[in-house]
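Undergrad:
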Amino acid sequence: MTTEPDMIQQAGQLLAMLQAGKPICHGMSASSGDDRAIVQASAALAIAGELREIRNILADGVLQYAINTMPDPLPPCEWIRHDDHWHASCGLLWIIEDGTSPAANDMRYCPNCGSSIAVEEAFIGEDGAV
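If you read the sequence shown in our numbering, its first letter stands for residue 885, the second for the next number, and so on.
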């Protein structure tokens, strides 16, 4: 933390003393507007610094949790061309009317399973031969 553990407590005590009109320290008066403003600003800064540090700690924790609990990436979906259509390893059958491949049509992800598309180089003709 950026502040001492009891800094918030001390800031609260100073504000309570100020509210009660008690002397805060030698030469500082609770009745003086300038002195009151200094004490209030000091207390507010101590609290704001502590809250900022707490926010940063929480943000770091959330980030680490997200990183540690992220699922493993999906394996690529393999697409093999069969004449005028494509067979995907996830079971999808897809016909591409314009272009010759998923990449030629700016397809990067399988519309069925969401995995990235990996095109197999093998071409299977009508007779089933590779």
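Here a beta-carbon is modelled for each residue, glycine too, at the ideal position from N, C-alpha and C.
Touch check for the region 964-971 and the region 990-999: three-plus C-beta pairs under 8 Å?
TA: No: the two stretches stay apart, fewer than three of their Cβ pairs being nearer than 8 Å.
Undergrad: Can you find the residues in the same chain that come closer than 8 Å, C-beta to C-beta, to W963, ignoring five residues on each side of it along the sequence?
TA: These residues qualify, in order along the chain: W970, H971, A972, S973, W978, P986, C994, I1001, A1002, V1003, E1004.
Undergrad: Given this structure, state the Cα-to-Cα distance separating A950 from A921, to the nearest angstrom.
TA: Looking at the two C-alpha atoms, the distance is approximately 43 Å.
Undergrad: Between the Cα of V923 and the Cα atoms of P960, Q897, D990, D967, which residue gives the shortest distance?
TA: Measuring from the Cα of V923, the nearest candidate turns out to be Q897.
Undergrad: Hey, quick one: how far does the beta strand (DSSP E) through I872 stretch, first residue to last?
TA: With the chain covering only 885 through 1014, there is no way to say anything about residue 872.
Undergrad: Measuring alpha carbon to alpha carbon, tell me which of G975, K906, D990 ends up nearest D982.
TA: It is D990.
Undergrad: How about A895 and A925: are their beta carbons less than 7 Å apart?
TA: No, the Cβ-Cβ distance between A895 and A925 is not below 7 Å.
Undergrad: Apply the 10 Å Cβ neighbour rule to G965 and answer buried if 16 or more other Cβ atoms are within range, or exposed otherwise.
TA: It should be pointed out that residue 965 corresponds to Arg in this sequence rather than to Gly. Classification for R965: buried.
Undergrad: Does the beta-carbon distance from P960 to S999 come in below 7 Å?
TA: Yes, the Cβ-Cβ distance between P960 and S999 is below 7 Å.
Undergrad: Would you kindly report the start and end of the unbroken beta strand (DSSP E) that includes L977?
TA: From DSSP, the beta strand (DSSP E) with L977 extends over 977-979.
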